[in-house]
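In terms of full-length UniProt numbering, the sequence shown is residues 6 to 331.
All remarks here apply to the structure that follows.
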Amino acid sequence: EKVIFSGAQPTGSLTLGNYIGAIQNWKALENDYQCLYSIVDLHSLTIRHDPKEFRESCLSFLAQYLACGLDHKKNILFFQSHVRQHTELNWILGCNTYLGELNRMTQFKEKSERHKDNINSGLYTYPVLQAADILLYQTNLVPVGEDQRQHIELARDIAIRFNNAYGKTFQLPDIYVGKVGARIMSLQEPENKMSKSDENVNGTIFLLDSNDVIVKKMKRAVTDSENVVLYRDEQKGIKNLITIYSKLQNCSVQEVEEKYAGKGYGAFKTELAEIVVESLKPFKEKYQDYMTNPDYIIGVYKNGAERAAEIAEKTMQEVREKVGLV
Ligand code: ATP
Ligand code: MG
Numbered sequence: 006e007k008v009i010f011s012g013a014q015p016t017g018s019l020t021l022g023n024y025i026g027a028i029q030n031w032k033a034l035e036n037d038y039q040c041l042y043s044i045v046d047l048h049s050l051t052i053r054h055d056p057k058e059f060r061e062s063c064l065s066f067l068a069q070y071l072a073c074g075l076d077h078k079k080n081i082l083f084f085q086s087h088v089r090q091h092t093e094l095n096w097i098l099g100c101n102t103y104l105g106e107l108n109r110m111t112q113f114k115e116k117s118e119r120h121k122d123n124i125n126s127g128l129y130t131y132p133v134l135q136a137a138d139i140l141l142y143q144t145n146l147v148p149v150g151e152d153q154r155q156h157i158e159l160a161r162d163i164a165i166r167f168n169n170a171y172g173k174t175f176q177l178p179d180i181y182v183g184k185v186g187a188r189i190m191s192l193q194e195p196e197n198k199m200s201k202s203d204e205n206v207n208g209t210i211f212l213l214d215s216n217d218v219i220v221k222k223m224k225r226a227v228t229d230s231e232n233v234v235l236y237r238d239e240q241k242g243i244k245n246l247i248t249i250y251s252k253l254q255n256c257s258v259q260e261v262e263e264k265y266a267g268k269g270y271g272a273f274k275t276e277l278a279e280i281v282v283e284s285l286k287p288f289k290e291k292y293q294d295y296m297t298n299p300d301y302i303i304g305v306y307k308n309g310a311e312r313a314a315e316i317a318e319k320t321m322q323e324v325r326e327k328v329g330l331v
């Protein structure tokens, strides 16, 4: 059976970008593959945080995964930090990664721009830990947004290098990105991707935003003066909104263009806001249910960690032996 691995960082809360770019695809894969979906809490430590808030947001993330409809029996849902093999493999892979490779990573450049007072070595070696996350499970496919392409390619390069040096140990992972929606843009700066850590919260729709906030953010979304609903590169803001519409309504971008031909941005934005609110309604209800049931959440993550660790340990035994650890 083919293996899928993916994850999200538990900072703040899930965004419409995470949902459309990643989680919608995760859900679609759960019947045909062995899927591992992690909450990569160790990755989040690269950013300054308040421990108490962080802990709560980690638990909230698991409730959000479940509320998105991810089935914890079909999928292995777990916290990265609960499976110690991630950090162990991280070290060994780091010894097989060149500084030149890490220097080329654009996410590091962007994130160190944004967090100038905290350019720590974890932020720099982040892609090595991410490679460990993926390679530990002999992953075939990694469903992520377009922004992660460079990191997945690095994971592949590290695996190839390791396999060449020590004999075949790791499956080479492939990236899996959707044709539409792999890069949802900020509502305020449509040239940048929507991010949960964006300081301008008006650019990001969080799945847990109240209905009023969603309507407000949609209304304020940056567009242009053309006032025609067309999917083209010259109209970045509108193109992004059409993408969101088509992904949530499960229709093509052409269908959206036809539906709004001759109508202006006002009508389009109002209806899109309604669609977002309606699409998130069941999510929010389920989220509340899970959050009022902490024992259930604990059961899910403990079971997930056990199942993940079993697979991870198999790989680690081979890795330790291959590199010559006694
Ligand atoms: P951060 O700002 O903390 O990096 P993020 O929104 O980029 O937050 P991640 O946890 O880094 O979220 O990524 C989780 C998943 O969501 C990844 O698969 C990533 O590729 C995908 N993703 C993130 N942002 C977008 C986006 N704007 N459009 C499509 N997919 C996205
Ligand atoms: Mg990110």
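Backbone N, C-alpha and C define an ideal beta-carbon position, used for all residues, glycine too.
Note that the coordinates shown come from a computational prediction; the quantities given were computed from them, not determined experimentally.
Excluding the 5 residues flanking residue i on each side, which residues of the same chain have their C-beta closer than 7 Å to its C-beta?
{"i": "GLU231", "result": "GLN240"}
{"i": "LYS116", "result": "LEU128"}
{"i": "GLY99", "result": "THR130 and VAL133"}
{"i": "GLN69", "result": "SER18, LEU19, LEU212 and TYR292"}
{"i": "ALA72", "result": "PHE288, LYS291, TYR292 and TYR295"}
{"i": "ALA160", "result": "GLN135, ALA136, ILE139, LEU140 and PRO178"}
{"i": "GLU326", "result": "none"}
Since residue i is in the alpha helix (DSSP H), which residue starts that stretch and which ends it?
{"i": "GLN39", "result": "GLN39 -> not in any alpha helix (DSSP H); beta strand (DSSP E) instead, spanning 39-44."}
{"i": "HIS54", "result": "Taken as a continuous stretch (DSSP letters only), HIS54 belongs to no alpha helix (DSSP H), as it is neither H nor E."}
{"i": "GLN293", "result": "270-296"}
{"i": "LEU192", "result": "First-last for LEU192: undefined, no H or E at that position."}
{"i": "GLN254", "result": "241-254"}
{"i": "residue 1", "result": "Residue 1 lies beyond the range of the chain shown here (6 to 331); nothing can be said about it."}
{"i": "GLU106", "result": "104-108"}
DSSP on residue i, reduced to helix/strand/coil?
{"i": "MET199", "result": "coil"}
{"i": "ALA13", "result": "strand"}
{"i": "VAL233", "result": "coil"}
{"i": "VAL218", "result": "helix"}
{"i": "THR130", "result": "helix"}
{"i": "THR20", "result": "strand"}
{"i": "PHE211", "result": "strand"}
{"i": "VAL258", "result": "helix"}
{"i": "VAL8", "result": "strand"}
{"i": "GLU118", "result": "helix"}
{"i": "residue 365", "result": "Lying before the first or after the last residue shown, residue 365 is absent from the chain, which here runs from 6 to 331."}
{"i": "GLN112", "result": "helix"}
{"i": "LEU141", "result": "coil"}
{"i": "LYS184", "result": "coil"}
{"i": "ALA136", "result": "helix"}
{"i": "VAL206", "result": "helix"}
{"i": "ALA266", "result": "coil"}
{"i": "LYS226", "result": "Rather than Lys, the amino acid found at residue 226 in this sequence is Ala. ALA226: coil per DSSP, three-state reduction."}
So, at 6 Å on beta carbons, what are the nonlocal neighbours of residue i in its own chain, with the 5 sequence-adjacent residues on each side left out?
{"i": "LEU94", "result": "ALA137 and LEU141"}
{"i": "VAL261", "result": "ILE247, TYR250 and SER251"}
{"i": "LYS7", "result": "TYR38 and ASN145"}
{"i": "TYR265", "result": "VAL234 and PHE273"}
{"i": "THR209", "result": "THR20, MET199 and ASP203"}
{"i": "LEU330", "result": "none"}
Who are the Cβ neighbours of residue i in its own chain at under 8 Å, not counting the five residues just before and after it?
{"i": "ALA27", "result": "SER11, ALA13, PRO148, VAL149 and GLY150"}
{"i": "GLN143", "result": "VAL8, PHE175, GLN176, ILE316 and THR320"}
{"i": "VAL328", "result": "ILE97 and TYR171"}
{"i": "ASN80", "result": "TRP31, GLU35, CYS40, LEU41 and TYR42"}
Output the boundary residues of the beta strand (DSSP E) element that contains residue i.
{"i": "VAL147", "result": "146-148"}
{"i": "TYR181", "result": "179-181"}
Unbroken beta strand (DSSP E) runs of length 3 or more, entirely within the region 61-100: which are they?
80-84
Mind pulling the alpha helix (DSSP H) runs of 4 or more residues that sit fully within the region 146-175?
154-171
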